[in-house]
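For reference, the structure discussed in these notes is given below.
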């Protein structure tokens, strides 16, 4: 186990090593790098991290990270408010946005249904998705299911599809589509290259239960 003669240095290493994918040797390099920086640079860095934790919000409509109650994507008049792309995480929003092939809005579930992990429909943002489809001036006409091509993702797709099909007070049937299968089975969207992901969005197909 990597230890130094400084208690403060060891605590700082522990903090960095608690981050995903960061080992203690990498954490040590980060800490030593910070020690070489000016007080002003370190204070600015720490201030940014503190503001990130205390001032960043989740959009009340789509649950994406935002500096405001409604994120810029949901608030934009240039986005197609009638098309909702349902994703698992915020990283998936970033991946799809990087393709430049999608101009609708999003809905971030915050997970997928996984009974083995104790995650059910009530533990993720499915009810709020159904509420978005049910009401409002910009009632969606299409819901795109862009969840991982895994058993958990497919289970969540099917559950959402059934919930949307059982809404009674819609003036028209909601169109439910899914990404074309250009994405390898078992892959997360964030690890798919931009071209493949962009084509999958553009060539989406009708969801079939």
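In the numbering used here, the protein residues as written are -15 to 193.
C-beta atoms are modelled at their ideal positions from N, C-alpha and C, and glycine is treated no differently.
This one's a predicted model, so the numbers in the text were calculated from it and none came from an experiment.
Limits of the unbroken beta strand (DSSP E) element including residue i
i           : result
residue 67  : 64 to 71
residue 194 : Since the first and last residues shown for the chain are -15 and 193, residue 194 lies out of range.
residue 161 : 159 to 162
Cutoff 6 Å; reference residue i; Cβ partners in own chain excluding five residues on either side
i          : result
residue 55 : 43 and 48
residue 80 : 86
Same chain only: Cβ atoms within 8 Å of residue i, ignoring 5 sequence neighbours per side
i           : result
residue 53  : 41, 43 and 44
residue 104 : 97
residue 6   : 0 and 14
residue 154 : 117, 118 and 123
residue 156 : 125
residue 50  : 40, 41, 42, 43 and 56
residue 151 : 114, 117, 118 and 158
residue 188 : 128, 161, 162, 163 and 164
Supposed close pair residue i, residue j - CB separation, criterion 8 Å
i           : j           : result
residue 70  : residue 113 : 6 Å
residue 32  : residue 126 : With a Cβ gap of about 38 Å, residue 32 and residue 126 do not count as contacting.
residue 147 : residue 110 : 7 Å
residue 95  : residue 108 : 4 Å
Same chain only: Cβ atoms within 7 Å of residue i, ignoring 5 sequence neighbours per side
i           : result
residue 191 : 129, 141, 145, 160, 161 and 162
Continuous alpha helix (DSSP H) stretch holding residue i: start and end
i           : result
residue 126 : That residue, residue 126, is in no alpha helix (DSSP H); its beta strand (DSSP E) goes 126 to 129.
residue 38  : 23 to 39
residue 61  : Residue 61 -> no alpha helix (DSSP H), and no H or E assigned at all.
residue 191 : That residue, residue 191, is in no alpha helix (DSSP H); it is neither H nor E in DSSP.
residue 141 : 135 to 149
residue 81  : 74 to 83
residue 113 : 111 to 118
is_contact[residue i, chain D] using C-beta, thresh 8 Å
i          : result
residue 42 : No chain D is part of this structure, which consists of one protein chain only.
Residue i: CB within 7 Å of a non-hydrogen atom of the ligand ADP
i           : result
residue 157 : As far as ligands go, the structure on display features none, and thus does not contain the ligand ADP.
>> Quick test of the definition: if touching needs 3 or more C-beta pairs under 8 Å, does the segment 57 to 67 touch the segment 87 to 94?
In response: yes
> Where in the segment -11 to 27 do unbroken runs of the alpha helix (DSSP H), each at least 4 residues long, occur, reported from the N-terminal end onward?
Replying inline: -9 to 1 and 8 to 20
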